[in-house]
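Asks:
In the working numbering, the protein residues as written are 15 to 193.
1) Whole angstroms is fine: what's the gap from residue 175's alpha carbon to residue 63's?
2) What does residue 19 pair with, by DSSP beta-bridge criteria?
3) Where does the unbroken beta strand (DSSP E) through residue 155 begin, and where does it stop?
4) Return the residue from the list 79, 107, 33 that minimises the CA-CA distance to residue 55.
5) I'd like to know whether the C-beta atoms of residue 105 and residue 99 end up nearer to each other than 8 Å.
6) Excluding the five sequence neighbours on either side, which residues of its own chain have a C-beta within less than 7 Å of the C-beta of residue 109, listed in chain order?
7) Would you kindly check if the distance between the Cβ of residue 96 and the Cβ of residue 197 is under 8 Å?
8) Just curious, the beta strand (DSSP E) that residue 130 is in, first and last residue?
What follows is the structure, given as structure tokens:
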């Protein structure tokens, strides 16, 4: 637990002025976990920060997107694979390409009744509780649910933020998004 941290990203919009991370900090403290760090960056600001950290964060989000693309029954195994990459400091694009190829093979051996593309607010989309487990039930009944990628959502958020804030470093920020 000494090296544990919770990552609770927030945006400049729907997070009720940072109250979610504040609530989690309070609960951690009440349960005796004052030593656990809580990291709660504003997602919009990430492109203006350290480019190395941005790259690492984006690779992690891309890995999560790939896991969500996998059939439901394979996701835990793929998550363990990605956790191993992180522990060995090997979460790089080449390894995510390998994961994508494995997931592609997972789909080639499976037939689905239908494919359903879902999009919407990521805070709802990726929280089974907030959809009353509806998407999980569809998957368990043989339908393929294809989730809109969080990485695409973030690229659009960052692009809008860079263009709308009229910053003098807008060209540099837009270049970070493209690379």
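Heads up, the beta-carbon is just placed ideally off N, CA and C, and yes, glycines get one too.
Replies: Here's the rundown:
1) 14 Å
2) 51
3) Segment: none, residue 155 is in no beta strand (DSSP E) and carries neither H nor E.
4) 33
5) yes
6) 99
7) No information on residue 197 is available, as it lies outside the stretch 15 to 193 that the chain covers here.
8) 129 to 132
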